[in-house]
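Asker:
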Amino acid sequence: MSWQSPARLLLLFGVLALAVGYLLAQRRQSRYAVRFTNLRLLDRVAPARPAWRRHVPAGLFLAMLALLVVGFARPEAEVRVPRERATVMVAVDVSTSMLATDVEPDRLAAAKEAARRFVEGLPDEFNVGLVAFAGSAAVLVPPSTDREALDEGIDRLAEGITGVQGTAIGEAISASLGAVKSLDANAAKQPPPARIILLSDGANTSGMDPMEAASAAVTAKVPVHTISFGTPGGFVDRGGRPIQVPVDGQTLKAVAEDTGGRFHEAGTSQQLREVYEDIGSSVGWRKERQDVSARFIGLGLVFAMGAAAGSMRWFSRLP
Numbered sequence: 001m002s003w004q005s006p007a008r009l010l011l012l013f014g015v016l017a018l019a020v021g022y023l024l025a026q027r028r029q030s031r032y033a034v035r036f037t038n039l040r041l042l043d044r045v046a047p048a049r050p051a052w053r054r055h056v057p058a059g060l061f062l063a064m065l066a067l068l069v070v071g072f073a074r075p076e077a078e079v080r081v082p083r084e085r086a087t088v089m090v091a092v093d094v095s096t097s098m099l100a101t102d103v104e105p106d107r108l109a110a111a112k113e114a115a116r117r118f119v120e121g122l123p124d125e126f127n128v129g130l131v132a133f134a135g136s137a138a139v140l141v142p143p144s145t146d147r148e149a150l151d152e153g154i155d156r157l158a159e160g161i162t163g164v165q166g167t168a169i170g171e172a173i174s175a176s177l178g179a180v181k182s183l184d185a186n187a188a189k190q191p192p193p194a195r196i197i198l199l200s201d202g203a204n205t206s207g208m209d210p211m212e213a214a215s216a217a218v219t220a221k222v223p224v225h226t227i228s229f230g231t232p233g234g235f236v237d238r239g240g241r242p243i244q245v246p247v248d249g250q251t252l253k254a255v256a257e258d259t260g261g262r263f264h265e266a267g268t269s270q271q272l273r274e275v276y277e278d279i280g281s282s283v284g285w286r287k288e289r290q291d292v293s294a295r296f297i298g299l300g301l302v303f304a305m306g307a308a309a310g311s312m313r314w315f316s317r318l319p
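Residue numbers for the sequence shown follow full-length UniProt numbering, beginning at 1 and rising by one.
Structure follows, in C-alpha cells:
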C-alpha cells in the first residue's frame, strides 16, 4: 500500500497523544477514588460497573480517529478490475474418448460441470463463448454476456455433436480465434483482450496443425490455456470391448507454452474444478492502483457509531 499524502499520517501522533492522555487520566481518577474513605457511601453515589465497559467507547473513538487519519492520507492499493470487452472462449473436447469413466461419471460430464462452474465465477460483463471439437470444431455459442445461452450451449455438449470423430485441437483454436475476431464491429481493428481455455484428453489426430494455430494465436496476442483431462488408465466400452484411451497432454503443453498460456493437468473432477478456479483468477483481469481511502473512512464511521452506542447504552450520554 502507498499513500498520496503521506505527510498527513503525522496526525497519528495526535491520536497517540490522546490515547496516552486518556491512560494518565484513568490513573489519576484511581488515585482520587482511594481518598474517599466512606466506601459505603461511595458504592451508592458511584455504583460499581464492569471496568471494561467504561473503556470501550473511548477505545472505539480513538480507533475511529486513527482510521480517519489513514483515510485522510489517501491510501492506494493494487486491485484487480475486469478488462473492458474481456473475452473468454471455452473449447471442450467432445470426442469418443471423453466418454471414458476413469473420471466420474465420465470425462465429458465432469468437463461440462466444471465449465459451468467456471463461467458462473466470471464477472457478468465478461464475454464468454463456447466451442465444441472432435474431428472438427464448431462455435456453439458466440462470445457474449448472455449466460443463459452459454448454459444451454454447455448442456448441448455431447459426443458426435460436431459430426466427425477425432481430436482437432488446431481447429478448436482457430474457431475460437475466429469467434473473438467477430465479437463486435470494432474487433477487427481493435481486438478485445481475449483468452482461450481448451480442454482435451488426447493428442491432435485431425485438422489443422495445432502449432500452426498456436502461431496464429500468438499473432493475435491471445494466450491459450490448456487442460489435459483424464488418467493413463482410461478406456471406453465399444460393443463390450474395452478400448484404451490414455490421456496425452504433450500437444496441449506445447500449445500453452508457445502462446504464453498455462498448461494444467487434472485427473479427477475436483482437480479440474481447482484448475478452472486457478485460471479464472487470472483471465480477463488487469491490475491498477486505486484510492482506497473510503474503506478506512467507512470503517472509522462504524467505530464512531459503536462508540456512541456504547456510551448511550451504558452511561446514558454521548462520548
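Beta carbons are placed, not taken as given, at the ideal position from N, Cα and C, and that holds for glycine.
Would Ala7 pass as a contact of Ala91 if the rule is Cβ separation under 9 Å?
Answerer: Contact flag unset, no.
Asker: Considering only C-alpha positions, which residue in the set Arg107, Ile154, Ser281, Arg53 is nearest to Trp314?
Answerer: Ranking Arg107, Ile154, Ser281, Arg53 by Cα distance to Trp314 puts Arg53 first.
Asker: Relative to the C-alpha of Phe72, which residue among Ala308, Arg295, Ala115 is closest?
Answerer: Selected option, being the one with the closest Cα: Arg295.
Asker: Quick check on DSSP: helix, strand or coil for Arg262?
Answerer: Arg262: coil per DSSP, three-state reduction.
Asker: From Asp248 to Ile297, what does the alpha carbon distance come to, in whole angstroms?
Answerer: The straight-line gap from Cα to Cα measures roughly 54 Å.
Asker: Anyone know if the C-beta pair for Arg273 and His225 falls short of 9 Å?
Answerer: Cβ distance not < 9 Å, so Arg273 and His225 don't count as in contact.
Asker: Could you give the C-beta distance for Ala111 and Leu199, rounded to a whole number, given that I count them as a contact under 8 Å?
Answerer: Rounded, the Cβ-Cβ distance is 6 Å, consistent with contact.
Asker: Excluding the 5 residues flanking Asp155 on each side, which residues of the same chain have their C-beta closer than 8 Å to its C-beta?
Answerer: Within the same chain, Asp155 has close Cβ partners Lys112.
Asker: Put Arg289 into one of helix, strand or coil per three-state DSSP.
Answerer: Arg289: strand per DSSP, three-state reduction.
Asker: For a test of the three-state rule: what should DSSP assign to Ile243, helix, strand or coil?
Answerer: Ile243 falls in the strand class under three-state DSSP.
Asker: For Ile279, report the span of its alpha helix (DSSP H) as first-last.
Answerer: Ile279 -> alpha helix (DSSP H) spans 269–280.
Asker: On the DSSP bridge assignment, give the partners of His225 in chain order.
Answerer: Bridge partners of His225: Ile197.
Asker: Quick check: what's the CA-CA separation for Val103 versus Gly261?
Answerer: Those two C-alpha atoms are separated by around 25 Å.
Asker: From Gln190 to Gly59, what does the alpha carbon distance come to, in whole angstroms?
Answerer: Their Cα atoms are separated by approximately 55 Å.
Asker: Who pairs with Gly129 in a beta bridge, going by DSSP?
Answerer: Its beta-bridge partners are Met89.
Asker: Go through its chain and collect everything with a Cβ distance to Leu67's Cβ below 8 Å, but skip five positions before and after it.
Answerer: Counting only Cβ-Cβ distances below 8 Å, and skipping sequence neighbours, we find Phe296, Ile297, Leu299, Gly300, Phe303.
Asker: Going by Cα to Cα distance, which pick from Val275, Ser311, Arg289 is closest to Val119?
Answerer: Comparing Cα-Cα distances from Val119 to each of Val275, Ser311, Arg289, the minimum goes to Val275.
Asker: Where in the stretch 158–224 do unbroken runs of the beta strand (DSSP E), each at least 3 residues long, occur, reported from the N-terminal end onward?
Answerer: Runs of the beta strand (DSSP E) inside the stretch 158–224: 194–200.
Asker: Let's see if you can read the secondary structure: which residues bound the beta strand (DSSP E) around Leu122?
Answerer: Counting along the chain, Leu122 falls outside any beta strand (DSSP E), and DSSP gives it neither H nor E.
Asker: Give me the DSSP bridge partner(s) of Ser144.
Answerer: Looking at the DSSP assignment, Ser144 forms a beta bridge with Val128.
Asker: Should Met64 go down as buried or exposed, given a rule of 16 or more other Cβ atoms within 10 Å for buried?
Answerer: Buried.
Asker: In three-state terms, what does DSSP make of Ala114?
Answerer: Ala114 falls in the helix class under three-state DSSP.
Asker: Suppose contacts are defined by Cβ-Cβ distances below 9 Å. Is Val69 in contact with Leu23 by that definition?
Answerer: Going by C-beta atoms, Val69 is not nearer than 9 Å to Leu23.
Asker: By alpha-carbon positions, which one of Ser97, Val88, Ala17, Arg28 ends up nearest to Pro242?
Answerer: Comparing Cα-Cα distances from Pro242 to each of Ser97, Val88, Ala17, Arg28, the minimum goes to Ser97.
Asker: Hey, how far is the Cα of Val236 from the Cα of Ser95?
Answerer: Cα to Cα, the separation comes out at about 11 Å.
Asker: Sort Phe133, Pro143, Ser282 by Cα distance to Asp201 and report the nearest one.
Answerer: It is Phe133.
Asker: According to DSSP, is Gln75 part of a helix, a strand, or is it coil?
Answerer: It is worth fixing the name first, because residue 75 is Pro in this sequence and not Gln. Here Pro75 sits in strand by DSSP.
Asker: Mark residue 320 as exposed unless 16 or more other C-beta atoms lie within 10 angstroms of its C-beta, in which case mark it buried.
Answerer: Residue 320 lies beyond the stretch modelled for the chain, which goes from 1 to 319, so this question has no answer here.
Asker: Am I right that Pro223 and Thr259 are in contact with their C-beta atoms under 8 Å? What's the rounded C-beta distance?
Answerer: Indeed they touch by this definition, with Cβ atoms about 5 Å apart.
Asker: Following the continuous beta strand (DSSP E) through Arg238, name the residue where it begins and the one where it ends.
Answerer: 235–238 is the span of the beta strand (DSSP E), which, as asked, contains Arg238.
Asker: Is it buried or exposed, Gly240, if we count other Cβ atoms within 10 angstroms and call 16 or more buried?
Answerer: Label assigned to Gly240: exposed.
Asker: Out of curiosity, what's the CA-to-CA distance linking Glu76 and Met305?
Answerer: About 26 Å.
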